[in-house]
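Peer 1:
Number of protein chains: 4
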Amino acid sequence: MTDAPTDAQQACFEAGIKFGSLYHQFAGTPVSPDSTRSLETAIAESIENQPYCESVTVDVLDDRVADAIDHENGYTELTGALMEVEMRIEYEGVVARTRMEMEDGYPLMKLQSVEQ
Amino acid sequence: MTDAPTDAQQACFEAGIKFGSLYHQFAGTPVSPDSTRSLETAIAESIENQPYCESVTVDVLDDRVADAIDHENGYTELTGALMEVEMRIEYEGVVARTRMEMEDGYPLMKLQSVEQ
Amino acid sequence: MTDAPTDAQQACFEAGIKFGSLYHQFAGTPVSPDSTRSLETAIAESIENQPYCESVTVDVLDDRVADAIDHENGYTELTGALMEVEMRIEYEGVVARTRMEMEDGYPLMKLQSVEQ
Amino acid sequence: MTDAPTDAQQACFEAGIKFGSLYHQFAGTPVSPDSTRSLETAIAESIENQPYCESVTVDVLDDRVADAIDHENGYTELTGALMEVEMRIEYEGVVARTRMEMEDGYPLMKLQSVEQ
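These protein sequences, in sequence, are chains W, Y, S and F. Heads up: the first sequence begins at 64 in the working numbering, then just goes up one per residue. Heads up: the second sequence begins at 64 in the working numbering, then just goes up one per residue. Heads up: the third sequence begins at 64 in the working numbering, then just goes up one per residue. Heads up: the fourth sequence begins at 64 in the working numbering, then just goes up one per residue.
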């Protein structure tokens, strides 16, 4: 059965767009423990500009950044393993909540709940 | 009512991830009419690597690239206005179809249909 | 005549790397007048992590961002036309100064001076 | 002593721009052994569009990609450790040659020679 998407499905599609955008826009950014706070803020405020994106919380994990650092140069590049992200998307009254977390050693983008 | 996501919602979330990834990974790539074919192929084959992504078709539009070119340098940078994209995502038997197309002068990522 | 690079040439090479990095890492980032300050700070602090990069100043120009905005969505994407950048690179005692500015309608990355 | 840049210094600056652009545009791209060839071609043809860039050779190393793969998903993300790059830049008769190669476990962008 093929149907036009429901509002809840649209909300989930929009949530996915924000996650893919966040990851592929900012992965690779040079980061050190001195620049984690400004990077968190810029990522969150940037993605919150996108349509239907109500809130974004980004934690770039200082201890994992410190562990990942190339000690000769003093910095590393942002990857999914170095941050935790939560987002709330609202589309026509439907709220989708998403989270990026590590699972079995890999960062996984997860759709947590859909509320309507 | 808050529910765990359905398979159809998960399919739509995955479809959104692919679209956001594609756009923010490749937007900004230097492009000219001489390099449109190789860019189309690389974008499609790259995103098809992602989970649940069954097929990606990318058309970088030669005439729009030619129109957008900075004539001194002979190239421009890839934007949503210069390409058309279609994707088919399959998640646990659900098929989500998506498309990027221009609407009122802006590139819009659209969830076209969900089939289960 | 082929020669091993001089320190001054190395300084200029390093300066170029930072400029290309900055541009292609951050171009495409969603931006609105509400998020220009955090984006400026994150770009500067991120690129200052790179080797030999002594200082980076980024001005994302609020008025140009406002003019570039897609009024339906309330944001645009960062391009070279929306920011001014200055950098100072030091390599083995050589100081290279660079600047990105608009020229004939296009953003141009310029090597301004080399001091040794 | 502060001087206006020489043609050789400008050539080195341009060479650096190309390297930073290449790395930060394409790092993070999903890649598997099935998509290495198309990615190499697209990267090379894309960066060759940039001013003064005479030739770019990219080898995405199949064996390193295979080793880096997340076996559950069947792909990884492009990093400097997975590719070798050579470029030839010509600026006002000066030829700069550059190379990215691994050194002590880290990818290093190197200015190899300047010929005038």
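From the three backbone atoms N, C-alpha and C, an ideal C-beta is built for every residue, glycine too. All values derive from a computational prediction rather than experimental measurement.
Give me the Cα-Cα distance between residue 141 of chain W and residue 166 of chain F, rounded to the nearest whole angstrom.
Peer 2: Position 78 of the first sequence, counted from the start, is the residue given in the question as residue 141 of chain W. Position 103 of the fourth sequence, counted from the start, is the residue given in the question as residue 166 of chain F. C-alpha of residue 141 of chain W to C-alpha of residue 166 of chain F: approximately 21 angstroms in a straight line.
Peer 1: Determine the chain Y residues that contact residue 131 of chain S at a beta-carbon separation under 9 angstroms, and present them in chain order.
Peer 2: By 1-based counting over the third sequence, the position of residue 131 of chain S is 68. Counting only Cβ-Cβ distances below 9 angstroms, residue 131 of chain S has no contacts in chain Y at all, with the closest Cβ about 12 angstroms away.
Peer 1: Out of S:110, S:97, S:118, S:135, state which residue places its alpha-carbon closest to the alpha-carbon of residue 109 of chain W.
Peer 2: For the purposes of this step, residue 109 of chain W is taken as the residue at position 46 of the first sequence. Selected option, being the one with the closest Cα: S:97.
Peer 1: According to DSSP, simplified to helix, strand and coil, what is residue 113 of chain S?
Peer 2: Translated into the one-based positions of the third sequence, residue 113 of chain S becomes position 50. Reduced to three states, the DSSP call for residue 113 of chain S is coil.
Peer 1: Considering just the uninterrupted stretch of the beta strand (DSSP E) at residue 187 of chain F, what are its terminal residues?
Peer 2: The structure shown does not extend to residue 187 of chain F, since chain F is modelled only from 64 to 179, so the question has no answer here.
Peer 1: Is the CB of residue 143 of chain S under 7 angstroms away from at least one CB in chain F?
Peer 2: As a working mapping, residue 143 of chain S is identified with position 80 in the third sequence. It does not; no Cβ of chain F falls within 7 angstroms.
Peer 1: Mind reading off the beta-carbon distance from residue 148 of chain Y to residue 102 of chain Y? Whole number of angstroms is fine, and I expect it under 8 angstroms.
Peer 2: Position 85 of the second sequence, counting from 1, holds the residue named residue 148 of chain Y. Position 39 of the second sequence, counting from 1, holds the residue named residue 102 of chain Y. Actually they are not in contact, since the Cβ atoms of residue 148 of chain Y and residue 102 of chain Y sit about 12 angstroms apart, beyond 8 angstroms.
Peer 1: Please state the DSSP three-state secondary structure of residue 92 of chain W.
Peer 2: Within the first sequence, numbered from 1, the residue matching residue 92 of chain W stands at position 29. In the structure shown, residue 92 of chain W sits in coil (DSSP, three-state: anything other than H, G, I, E or B).
Peer 1: Could you check how far apart the C-beta atoms of residue 138 of chain S and residue 77 of chain S are, in whole angstroms? I think they sit under 8 angstroms.
Peer 2: Taking the third sequence and counting its residues from 1, one reaches residue 138 of chain S at position 75. Taking the third sequence and counting its residues from 1, one reaches residue 77 of chain S at position 14. Cβ-Cβ separation between residue 138 of chain S and residue 77 of chain S: approximately 33 angstroms, too far for a contact (criterion under 8 angstroms).
Peer 1: For residue 79 of chain W, go through chain C and note every residue whose CB falls closer than 7 angstroms to its CB, in chain order.
Peer 2: Annotation note: the requested chain C is absent from the structure, which comprises protein chains W, Y, S and F.
Peer 1: Might you give, ordered along the chain, the residues of its own chain that have their beta carbon closer than 7 angstroms to the beta carbon of residue 127 of chain W, omitting 5 neighbours on each side?
Peer 2: Position 64 of the first sequence, counted from the first residue, corresponds to residue 127 of chain W. Around residue 127 of chain W: 144, 145.
Peer 1: Identify, in the order they occur along the chain, each residue of the same chain with its Cβ nearer than 7 angstroms to the Cβ of residue 175 of chain F, setting aside the five sequence neighbours on each side.
Peer 2: If you number the fourth sequence from 1, residue 175 of chain F lands on position 112. If we look at residue 175 of chain F and ignore the five residues flanking it on each side, its Cβ neighbours are 160, 161, 162.
Peer 1: Can you tell me whether DSSP reads residue 183 of chain W as helix, strand or coil?
Peer 2: Within the shown structure, residues of chain W are numbered from 64 to 179, placing residue 183 of chain W beyond reach of any answer.
Peer 1: Suppose you measure from the CA of residue 112 of chain Y to the CA of residue 94 of chain F; what does that come to, to the nearest Å?
Peer 2: Position 49 of the second sequence, counted from the start, is the residue given in the question as residue 112 of chain Y. Position 31 of the fourth sequence, counted from the start, is the residue given in the question as residue 94 of chain F. Spanning the two alpha carbons is a distance of roughly 7 angstroms.
Peer 1: What does the alpha-carbon distance come out to for the pair residue 118 of chain Y and residue 104 of chain Y?
Peer 2: In the second sequence, counting from the first residue as 1, residue 118 of chain Y sits at position 55. In the second sequence, counting from the first residue as 1, residue 104 of chain Y sits at position 41. In this model, residue 118 of chain Y and residue 104 of chain Y are separated by some 12 angstroms (Cα to Cα).
Peer 1: Does residue 107 of chain F come out as helix, strand or coil in the three-state DSSP assignment?
Peer 2: What you label residue 107 of chain F is simply residue 44 of the fourth sequence in a count that begins at 1. In this structure, residue 107 of chain F counts as helix in the three-state DSSP scheme.
Peer 1: On the DSSP letters alone, give me the boundaries of the alpha helix (DSSP H) that residue 67 of chain F sits inside.
Peer 2: Position 4 of the fourth sequence, counted from the start, is the residue given in the question as residue 67 of chain F. Residue 67 of chain F -> no alpha helix (DSSP H), and no H or E assigned at all.
Peer 1: Specify the secondary structure class of residue 161 of chain Y as computed by DSSP and reduced to three states.
Peer 2: Sequence index remark: in the second sequence, residue 161 of chain Y carries index 98 (1-based). DSSP places residue 161 of chain Y in strand when its eight states are reduced to three.
Peer 1: Does any C-beta atom of chain Y lie closer than 7 angstroms to the C-beta of residue 105 of chain S?
Peer 2: For the purposes of this step, residue 105 of chain S is taken as the residue at position 42 of the third sequence. Residue 105 of chain S is outside the set of residues whose beta carbon lies under 7 angstroms from a beta carbon in chain Y.
Peer 1: Can the beta-carbon of residue 121 of chain F be found closer than 7 angstroms to that of residue 131 of chain F?
Peer 2: Counting from 1 along the fourth sequence, the entry for residue 121 of chain F is found at position 58. Counting from 1 along the fourth sequence, the entry for residue 131 of chain F is found at position 68. Residue 131 of chain F sits away from residue 121 of chain F, with the two beta carbons spaced by 7 angstroms or more.
Peer 1: To the nearest angstrom, how far is the alpha carbon of residue 170 of chain F from that of residue 164 of chain F?
Peer 2: For the purposes of this step, residue 170 of chain F is identified with residue 107 of the fourth sequence, where counting begins at 1. For the purposes of this step, residue 164 of chain F is identified with residue 101 of the fourth sequence, where counting begins at 1. Approximately 5 angstroms between the Cα atoms of the pair.
Peer 1: Leaving aside the five residues before and after residue 81 of chain F along the sequence, list all residues of the same chain whose C-beta is less than 7 angstroms from its C-beta, in chain order.
Peer 2: Working through the fourth sequence from its first residue, we reach residue 81 of chain F at position 18. Excluding residues up to 5 positions away in sequence, 110, 113, 116, 150, 152 lie with their Cβ nearer than 7 angstroms to the Cβ of residue 81 of chain F in the same chain.
Peer 1: Straight-line CA distance for residue 68 of chain S to residue 83 of chain F?
Peer 2: Taking the first residue of the third sequence as position 1, residue 68 of chain S is located at position 5. Taking the first residue of the fourth sequence as position 1, residue 83 of chain F is located at position 20. Their backbone Cα atoms lie some 18 angstroms apart in a straight line.
Peer 1: Sorted by chain position, which residues of the same chain lie with C-beta nearer than 8 angstroms to residue 133 of chain W's C-beta, five sequence neighbours on each side aside?
Peer 2: Start at 1 with the first residue of the first sequence, and residue 133 of chain W comes out as number 70. These residues qualify, in order along the chain: 139.
Peer 1: What does residue 183 of chain W reach in chain Y if we use C-beta pairs closer than 7 angstroms?
Peer 2: Nothing in the structure corresponds to residue 183 of chain W, since chain W is present only between 64 and 179.
Peer 1: Which whole-angstrom value is the C-beta distance of residue 157 of chain S and residue 71 of chain S, which I expect to be below 8 angstroms?
Peer 2: Looking up residue 157 of chain S in the third sequence gives position 94. Looking up residue 71 of chain S in the third sequence gives position 8. With 8 angstroms as the limit, residue 157 of chain S and residue 71 of chain S qualify as a contact, their Cβ atoms being about 5 angstroms apart.
Peer 1: With DSSP as the reference, label residue 142 of chain Y as helix, strand or coil.
Peer 2: Along the second sequence, read from residue 1 onward, the residue named residue 142 of chain Y stands at position 79. Three-state result, residue 142 of chain Y: coil.
Peer 1: At the level of alpha carbons, what is the spacing between residue 92 of chain F and residue 173 of chain F?
Peer 2: Within the fourth sequence, the letter at position 29 stands for residue 92 of chain F. Within the fourth sequence, the letter at position 110 stands for residue 173 of chain F. Between residue 92 of chain F and residue 173 of chain F, the C-alpha separation is close to 23 angstroms.
Peer 1: Using the beta-carbon of each residue, which ones in chain F are nearer than 8 angstroms to residue 108 of chain Y?
Peer 2: As a position in the second sequence, residue 108 of chain Y is number 45, starting the count at 1. The answer, in chain order, is 97, 98, 101, 102.
Peer 1: Measuring only between beta-carbons, confirm whether residue 116 of chain F sits less than 7 angstroms from chain S.
Peer 2: Here residue 116 of chain F refers to the residue found at position 53 when the fourth sequence is read from its first residue. Answer no: the Cβ-Cβ gap between residue 116 of chain F and chain S never drops below 7 angstroms.
Peer 1: Chain S partners of residue 68 of chain W, CB-CB under 9 angstroms?
Peer 2: Locating residue 68 of chain W in the first sequence gives position 5, counting from the first residue. Neighbours of residue 68 of chain W on chain S: none; closest Cβ ~20 angstroms, over 9 angstroms.
Peer 1: Starting from residue 125 of chain W and walking both ways along the alpha helix (DSSP H), at which residues does that stretch end?
Peer 2: One-based indexing of the first sequence puts residue 125 of chain W at position 62. Run containing residue 125 of chain W: 125 to 131, per the alpha helix (DSSP H) assignment.
Peer 1: Under 7 angstroms between C-beta atoms, does residue 169 of chain S make it to chain Y?
Peer 2: To locate residue 169 of chain S, count along the third sequence from 1; it is residue 106. Residue 169 of chain S counts as touching chain Y.
Peer 1: Residue 155 of chain W and residue 65 of chain Y: beta carbons closer than 7 angstroms?
Peer 2: Numbered from 1 along the first sequence, position 92 holds the residue referred to as residue 155 of chain W. Numbered from 1 along the second sequence, position 2 holds the residue referred to as residue 65 of chain Y. Their beta carbons are not under 7 angstroms apart, which means residue 155 of chain W does not touch residue 65 of chain Y by this criterion.
Peer 1: Please list, in chain order, all residues of the same chain as residue 73 of chain Y whose beta carbon is under 6 angstroms from its beta carbon, the five residues on each side excluded.
Peer 2: In the second sequence, residue 73 of chain Y corresponds to position 10, counting from 1. Taken in chain order, the residues that qualify are 154.
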